[in-house]
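Note that the protein sequences, when read in sequence, are chains V and X. Everything in the first sequence is counted per the working numbering, starting at 10 for the first residue and increasing by one. Everything in the second sequence is counted per the working numbering, starting at 10 for the first residue and increasing by one. Take a look at the structure set out below.
Protein chains: 2
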Amino acid sequence: VKRLADLGERAAIRRIATLLTKGNNTLGIGDDCAAIDLGKTYLLATTDMMFQRTHIPPQMTPYQMGWFLVAMNLSDIAAKGGHPLGIVCSYGLPKKTTESFLKELTKGADACAVCFGTTIVGGDTKETIEITLCATAFGTVKKDEFIARNGARPGDVVAVTGTLGKAGAGYYALKHHWNEKKLSNAFLEPQPRLKEGRLLAQQRVVTSSMDLSDGLSASLYQLQEINTVGFEIRRDTLPLASESVTLSRSHHAIDPYALALHFGGDYELLVTVPPKKFERVQNTLKRHGASLTAIGTVTKKTDIVLLEKGTRTALENKGYEHFKSHWF
Amino acid sequence: VKRLADLGERAAIRRIATLLTKGNNTLGIGDDCAAIDLGKTYLLATTDMMFQRTHIPPQMTPYQMGWFLVAMNLSDIAAKGGHPLGIVCSYGLPKKTTESFLKELTKGADACAVCFGTTIVGGDTKETIEITLCATAFGTVKKDEFIARNGARPGDVVAVTGTLGKAGAGYYALKHHWNEKKLSNAFLEPQPRLKEGRLLAQQRVVTSSMDLSDGLSASLYQLQEINTVGFEIRRDTLPLASESVTLSRSHHAIDPYALALHFGGDYELLVTVPPKKFERVQNTLKRHGASLTAIGTVTKKTDIVLLEKGTRTALENKGYEHFKSHWF
């Protein structure tokens, strides 16, 4: 008998997708968001769950749990170029949960929503054994601004917003009990890239996009599968987070490149853009105080290759996947 | 320290509501659905969770879990008069879950969605300790057809769709291992009243509405609180489910009136309608093969009274509430 532990999360989602009746008003399953046809716009909807044992480090405060829950959902709206419209939050909480925990959890969720221009519009609260948090975010995007996952073409520039490895540095700081609030906050209170997503969408040149919640290597493997293309990633162009570089100077076991390539939780956007349009897009983001860095090229050959000082090595898929592995 | 076990689910939701920033495009928290202003229509969104220990009877098949998850969310769309647009489903499943469980769960969710004119548009699958199912349903309703919870006026007729006590009869059949598939299906595979909700909405005369997921008495107590009104319910007018009447003949411990008044899970709609308009509304539903039964009157005095052969007794609130009690 095949069990989910053997199958893995992504294979499970693929099985589910083959069983579902396809709506005539929706784009397919397998993107960051569902997109439902509303005439001139798509209604975007995305849902994500967090469980105490597998997603919540012991140091995470209830406020940060609420923030994280909302941030990870808004990040999927950002990846599609959407405007957020609202979020519903469901809390499954043990009987012994205190009222102040509930208050802080709610304040964190509310603060993240408001910080990114939206609100919590509803939810549900039930009793359960372990803390279980589920949120669904909605948004809209004009049809001609929607950015799918499946339009990457050989020759396109591969690029990421912001820097990579912040969350990884924060994870190590937490794990080793280094009391560095700024570091751990990058991991526990991520910033969804809604502004960047809108700027990218408005320019209508992004051929594919997804968020980096699972880490760069895992995300590239997902884009590879959906687009039947490969990637050449130039190691020296990776926009390393200053936090992880600083940390690696005092802690030599930490490799900022490994954090940038494989660690999830940065919630930056990974996009592909035709080479002729890239500079304009990059400049537009820069003018708005955001950044977009070219890190490689889409290739026809379906390998994922890391280029380093003239040598080519296969980039391994070391990203996070449930059912098969845990971080905490 | 106050804990959720002392507070109860509804009080917890009230605390949450006071902490949230109110969006300028949304109606308030506390209704079956969030309603987000999209111009001429409201986007309706509602979310509900199920947990193995507290919501899933051991006899429930994976197919029925999927059906139930979708049905209870669609019921909230029905209560607001909405058209369903799509549903996202999140599954938290133990590692040892089999692939065939996942398939059956998905088939049940898909079947319920398709049966009521919509589809599953996305979701999430994660690993957890106990089976945890969370779904969010979306819909739309024209602004002038939206039915709120808070417009009940003294003198309005109180009415319910369909019959009451089906789910209760099914629960007893399951509990006592009576092998009556038809009975238990009323409990395990509820039918959301989307057709009835649309017919009621189109007539623009319903002053308040909610679904009966928590049972009639609990729902009346919720409407009482929101509307600052009372109710007189005439016991002999309750549309008893034939299933519970039949069952009570052979099992004298079963009181079909108690099941109709207090047992949750029927997923009928509870509405209030001005008396002059009631007959027309009732006839319209009848013409479409649905039923609406007057069971009492909205009163200015904020008591909830049960009238039986000339005697008036206070109707107790015996409905289901989490954190404080369990059914299973």
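Beta carbons: idealized from backbone N, C-alpha and C, even for Gly.
{"Check": "Once the 5 residues before and after A87/V are set aside, which same chain residues still bring their CB inside 6 Å of it?", "Outcome": "P201, R202, L203 and G206"}
{"Check": "Find out if the Cβ-Cβ distance for the pair K151/V, T216/V is shorter than 7 Å.", "Outcome": "no"}
{"Check": "Beta carbon of F196/V, beta carbon of G274/V: below 7 Å?", "Outcome": "yes"}
{"Check": "What does V130/X reach in chain V if we use C-beta pairs closer than 7 Å?", "Outcome": "G32, T35, A43, I45 and A54"}
{"Check": "Could you list which residues in chain X have their beta carbon closer than 7 Å to that of G101/V, in chain order?", "Outcome": "M58, F60 and T141"}
{"Check": "Can the beta-carbon of C143/X be found closer than 7 Å to that of S99/V?", "Outcome": "yes"}
{"Check": "Go ahead and pull the three-state DSSP assignment for L28/X.", "Outcome": "helix"}
{"Check": "How long is the line joining the alpha carbons of L294/X and V166/X, rounded to whole angstroms?", "Outcome": "16 Å"}
{"Check": "Mind checking the stretch 13-29 of chain X against chain V and listing, in chain order, the residues whose C-beta falls within less than 8 Å of any C-beta there?", "Outcome": "L13, A14, L16, E18, A21, I22, R24, I25, L28 and L29"}
{"Check": "Just to make sure I have the definition right: I need the residues of chain X whose C-beta is within less than 7 Å of the C-beta of I156/V. Which are they?", "Outcome": "Those within 7 Å of I156/V in chain X number zero; the least Cβ separation is about 16 Å."}
{"Check": "Does the Cβ of A262/X have 16 or more other Cβ atoms within 10 Å, making it buried, or fewer, making it exposed?", "Outcome": "exposed"}
{"Check": "Please state the DSSP three-state secondary structure of D245/V.", "Outcome": "helix"}
{"Check": "Should T134/X be labelled buried (16 or more other beta-carbon atoms within 10 Å of its own) or exposed?", "Outcome": "buried"}
{"Check": "Should V97/V go down as buried or exposed, given a rule of 16 or more other Cβ atoms within 10 Å for buried?", "Outcome": "buried"}
{"Check": "Note down the Cα distance separating L47/X from S109/V, rounded to an integer number of angstroms.", "Outcome": "35 Å"}
{"Check": "Helix, strand or coil, according to DSSP, for W336/V in the structure here?", "Outcome": "Unreliable placement is indicated for W336/V, whose pLDDT of 41 sits below 50; the coordinate value is still reported in the next sentence. DSSP places W336/V in coil when its eight states are reduced to three."}
{"Check": "Taking only runs that begin and end inside the stretch 31-97 of chain V, name each unbroken beta strand (DSSP E) of 3 or more residues, in chain order.", "Outcome": "43-46 and 50-60"}
{"Check": "Can you confirm whether D223/V, when its beta carbon is compared against all beta carbons of chain X, has any partner nearer than 7 Å?", "Outcome": "no"}
{"Check": "From C64/V to I242/X, what distance separates their C-alpha atoms?", "Outcome": "The sequence as given places His at residue 64/V; Cys does not occur at that position. So the two alpha carbons sit approximately 48 Å from each other."}
{"Check": "Going by beta-carbon coordinates alone, are A43/X and G164/V separated by less than 7 Å?", "Outcome": "no"}
{"Check": "Smallest Cα separation from I138/V: which of L114/V, C121/V and K105/V?", "Outcome": "K105/V"}
{"Check": "Can you pull the chain X neighbours of V97/V, defined as C-beta to C-beta under 8 Å?", "Outcome": "A43, A54, T55, T56 and T145"}
{"Check": "At the level of alpha carbons, what is the spacing between M59/X and L114/X?", "Outcome": "13 Å"}
{"Check": "Of all the beta strand (DSSP E) runs that stay within the bounds of the stretch 183-258 of chain X, which reach a length of 3 or more residues?", "Outcome": "217-220 and 239-243"}
{"Check": "My assumption, with CB atoms under 8 Å, is that L249/X sits in contact with A269/X. Please give the rounded CB distance.", "Outcome": "5 Å"}
{"Check": "Between which residues of its own chain and R162/X is the CB-CB distance below 7 Å, once the five residues before and five after are set aside?", "Outcome": "T216 and V307"}
{"Check": "Mind listing which residues of the stretch 252-282 of chain X have their C-beta closer than 9 Å to chain V's C-betas, in chain order?", "Outcome": "none"}
{"Check": "Identify whether S109/X lies in helix, strand or coil by the three-state DSSP scheme.", "Outcome": "helix"}
{"Check": "Which residues in chain V have a C-beta closer than 8 Å to the C-beta of T106/X? List them in chain order.", "Outcome": "R12 and L13"}
{"Check": "Taking the C-alpha atoms as reference points, what is the distance between V238/V and T320/V?", "Outcome": "21 Å"}
{"Check": "I'd like to confirm the pairing. Which residues does DSSP put opposite F147/X in its beta bridges?", "Outcome": "A54/X and G95/X"}
{"Check": "Would you verify that the beta carbon of F332/V is, or is not, closer than 7 Å to some beta carbon of chain X?", "Outcome": "Annotation note: pLDDT 47 at F332/V (below 50); position unreliable, no value reported."}
{"Check": "Once the 5 residues before and after R158/X are set aside, which same chain residues still bring their CB inside 6 Å of it?", "Outcome": "D40, S217, M219 and I235"}
{"Check": "Does the count of Cβ pairs from the stretch 297-316 of chain X and the stretch 178-189 of chain X closer than 8 Å reach three?", "Outcome": "no"}
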